[in-house]
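K.L.:
Going by numbering that gives the first Met the number 0, the sequence shown opens with residue 0, and the numbers climb by one from there. For every residue, glycine included, the Cβ atom is placed at its ideal position computed from N, Cα and C. I am attaching a structure below and will ask some questions about it afterwards.
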Amino acid sequence: MAIDSSGRIAGQSQVTPVRLLEESGALLFGEFTLSSGKKSDYYFDSKKLTLDPAGARFVARQLVDRLDAENIRYVGGVAYGAIPIVSHVVMLTGLREDKPIRAFYHRKDSKEHGTGAAAEGQFPPQGEPVAIVEDVVTTGGSLLQSIRHAEDSGYNVTHALTLIDRDEGGREAIEAAGYKFWSLFRVELTEGKPRFIFNGG
Numbered sequence: 000m001a002i003d004s005s006g007r008i009a010g011q012s013q014v015t016p017v018r019l020l021e022e023s024g025a026l027l028f029g030e031f032t033l034s035s036g037k038k039s040d041y042y043f044d045s046k047k048l049t050l051d052p053a054g055a056r057f058v059a060r061q062l063v064d065r066l067d068a069e070n071i072r073y074v075g076g077v078a079y080g081a082i083p084i085v086s087h088v089v090m091l092t093g094l095r096e097d098k099p100i101r102a103f104y105h106r107k108d109s110k111e112h113g114t115g116a117a118a119e120g121q122f123p124p125q126g127e128p129v130a131i132v133e134d135v136v137t138t139g140g141s142l143l144q145s146i147r148h149a150e151d152s153g154y155n156v157t158h159a160l161t162l163i164d165r166d167e168g169g170r171e172a173i174e175a176a177g178y179k180f181w182s183l184f185r186v187e188l189t190e191g192k193p194r195f196i197f198n199g200g
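Printed below as a string of structure tokens:
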């Protein structure tokens with residue numbers, strides 16, 4: 000299933016990016032507790048999108064376009080939500096002849112075998128601009144914590160990216176901390192019901 004430059008699914012003009020979210024099974028409705036501790040009547044299961052072939056390609060293309068526009072060559076995140084996202088970005092840029100994007104991720108806890116490292120992957124040289132990615136942003140606390148993990152390792156974090164911005168203060172918190180923020184989708188509540196606004200190209 001190919002995705003054209005407008006973000007639509009090629010050969011299926013009725014399939015928009017929002018429809019892809021729905022058809023991948025990533026949007027769930029019910030009663031949920033978020034990582035922020037907040038309660039919500041909807042939930043975004045990012046793995047349903049990022050581990051689906053069409054969803055993976057869509058996410059990778061959109062993020063690569065954004066990273067290229069900002070001249071970012073390194074992207075990172077925290078296990079486990081960020082792992083498929085950054086992996087797809089690396090794979091897609093590996094198919095072109097120039098401007099590769101490399102990735103790393105941090106574990107929440109150091110492993111007790113092998114190298115025992117708390118981080119894995121390709122690490123940026125000193126001063127190189129870095130984007131940190133997370134699947135969902137609510138208050139921004141989790142993404143800011145991911146950024147601190149990277150900065151504690153000496154990385155120059157300049158950008159913060161997410162697939163879903165729930166529009167509950169996260170953008171404001173991240174921008175107030177001095178980072179450039181971008182989301183693939185933004186949630187807008189209309190009469191209490193979530194509406195997903197596509198911000199990609």
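One question on the structure: do Thr157 and Pro128 come within less than 9 Å of each other, judged by their Cβ atoms?
P.N.:
Result yes, Cβ atoms of Thr157 and Pro128 sit closer than 9 Å.
K.L.:
Check whether the region 158-167 touches the region 131-139, taking contact to mean three or more Cβ pairs, one atom from each stretch, closer than 8 Å.
P.N.:
The answer is yes - the region 131-139 touches the region 158-167, with three or more Cβ pairs under 8 Å.
K.L.:
How would you write the range of the alpha helix (DSSP H) that Lys47 sits in, first residue to last?
P.N.:
Its alpha helix (DSSP H) spans residues Ser45 to Thr49.
K.L.:
Tell me the start and end of each unbroken alpha helix (DSSP H) in the region 112-174 that is at least 4 residues and wholly inside, in chain order.
P.N.:
Entirely contained in the region 112-174, the alpha helix (DSSP H) runs reaching 4 residues are, in chain order, 140-151.
K.L.:
Does the separation of the CB atoms of Val58 and Arg101 fall below 9 Å?
P.N.:
No.
K.L.:
Mind checking Pro52: buried by the 16 CB within 10 Å criterion, or exposed?
P.N.:
Exposed, because fewer than 16 other Cβ atoms sit within 10 Å of the Cβ of Pro52.
K.L.:
Between the alpha carbons of Glu30 and Gln61, how many angstroms are there, rounded?
P.N.:
If I take the Cα positions, the gap works out to 30 Å.
K.L.:
Less than 9 Å between the beta carbons of Thr189 and Arg165, yes or no?
P.N.:
In this structure, Arg165 does not lie closer than 9 Å to Thr189 by Cβ.
K.L.:
Measuring CB to CB, does Lys107 end up less than 9 Å from Ala68?
P.N.:
No, the Cβ-Cβ distance between Lys107 and Ala68 is not below 9 Å.
K.L.:
In angstroms, rounded to a whole number, what distance separates the CA positions of Ser4 and Thr32?
P.N.:
The pLDDT assigned to Ser4 is 42, lower than 50, so where the model puts this residue is not dependable, and the model offers no usable value.
K.L.:
Over what stretch of residues does the alpha helix (DSSP H) that includes Ser86 continue unbroken?
P.N.:
Element bounds for Ser86: Ala81 to Thr92.
K.L.:
Assign Leu183 to one of three DSSP states: helix, strand, or coil.
P.N.:
Three-state DSSP puts Leu183 in a strand.
K.L.:
What do you reckon, are the CB atoms on Phe195 and Leu26 nearer than 9 Å?
P.N.:
Yes, these two residues count as a Cβ contact at 9 Å.
K.L.:
Which class does Asp206 belong to by DSSP, given the choice of helix, strand or coil?
P.N.:
The shown model of the chain, from 0 to 200, leaves out residue 206, and the question about it has no answer.
K.L.:
Helix or strand or just coil, what does DSSP make of Gly191?
P.N.:
DSSP places Gly191 in coil when its eight states are reduced to three.
K.L.:
With 16 as the cutoff for other CB atoms within 10 Å, does Leu94 come out buried or exposed?
P.N.:
Classification of Leu94: exposed, given that the 10 Å Cβ count is below 16.
K.L.:
What is the DSSP secondary structure of Arg101, counted as helix, strand or coil?
P.N.:
Here Arg101 sits in strand by DSSP.
K.L.:
Measure the C-alpha to C-alpha separation of Asn198 and Arg65 and round it to an integer number of angstroms.
P.N.:
Straight-line Cα distance between these residues: approximately 11 Å.
K.L.:
Can you give the Cα-Cα distance for Ile2 and Lys179, rounded to whole angstroms?
P.N.:
Note that Ile2 scores a pLDDT of 42, beneath 50, so its modelled location is shaky; the value from the coordinates is reported in the next line. Rounded to the nearest angstrom, the two C-alpha atoms are 27 Å apart.
K.L.:
Can you tell me which of Tyr42, Ser141, Val89 and Ser23 puts its alpha carbon nearest to the alpha carbon of Val186?
P.N.:
Selected option, being the one with the closest Cα: Tyr42.
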